[in-house]
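Peer 1: For the sequence shown, position 7 (counting from the first letter as 1) is numbered 302 according to the numbering used here, and the numbering increases by one without interruption. Cβ atoms here follow ideal geometry from the backbone N, Cα and C, with glycine treated the same way.
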Amino acid sequence: MRHDVSKKGRGRLMRWIIIVVLVLVALAVAWMLLHPSNAGDRTKLDRPFTSAERQTLDTVDVTADQLAQAACTGGAQCWIAVNGVVYDLGSSPAWKDGSHHGVRAGTDATEDFVRSGHGRRILEKLPVVGRYRP
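See below:
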């Protein structure tokens, strides 16, 4: 007795194969997004500064109290400190409520940044406010 696979049966099999492949690809992409390759990489903290940024870092000190007041609330500035540098988040829509991925503005976010999937380019895009001197 011989079993011939009908065209209809082959079509169903191909659809299932395509579905399985798409699900596997989606899972792989989700894994990469949730576990970025640079999470935990401290070298992303070492970023170059322009001469204007270096001038700001050499002349403007931000205290812990000043940083804490810059929490994006009530019209206040919106700052975070990362690796001893205070950055202005005011132009970033992601920080409009004073928080982004559980990180609060007005804090030293160095360790949060290291754990994140954000790279050095994120810091390079943010305006430098000054040197953090807690």
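Could you compute how far the alpha carbon of A359 sits from the alpha carbon of S387?
Peer 2: If you number the sequence shown from 1, residue 359 lands on position 64. If you number the sequence shown from 1, residue 387 lands on position 92. Distance between the alpha carbons of A359 and S387 is about 22 Å.
Peer 1: Cα-Cα, which of V315, E406, E348 and C367 is closest to L421?
Peer 2: Position 126 of the sequence shown, counting from 1, holds the residue named residue 421. Considering only alpha carbons, the answer is E348.
Peer 1: For V381, count neighbouring C-beta atoms within 10 Å of its own C-beta (all shown protein chains included) and say buried if the count is 16 or more, exposed if not.
Peer 2: Position 86 of the sequence shown holds residue 381. By the neighbour-count rule (16 or more Cβ atoms within 10 Å), V381 is buried.
Peer 1: What number of angstroms, rounded off, separates the C-alpha of Q350 from the C-alpha of G397?
Peer 2: As a working note, residue 350 is residue 55 in the sequence shown. As a working note, residue 397 is residue 102 in the sequence shown. Whole-angstrom Cα-Cα distance: 32 Å.
Peer 1: If I follow the unbroken alpha helix (DSSP H) through D353, where does it start and stop?
Peer 2: The residue labelled residue 353 in the question sits at position 58 within the sequence shown. Counting along the chain, the alpha helix (DSSP H) containing D353 begins and ends at S346 to T354.
Peer 1: So the alpha helix (DSSP H) R416 belongs to, where does it begin and stop?
Peer 2: As a working mapping, residue 416 is identified with position 121 in the sequence shown. Unbroken alpha helix (DSSP H) run through R416: R415 to K420.
Peer 1: Looking only at its chain, what residues have a beta carbon closer than 6 Å to the beta carbon of G385, apart from the 5 residues adjacent to it on each side?
Peer 2: Position 90 of the sequence shown, counted from the start, is the residue given in the question as residue 385. C373.
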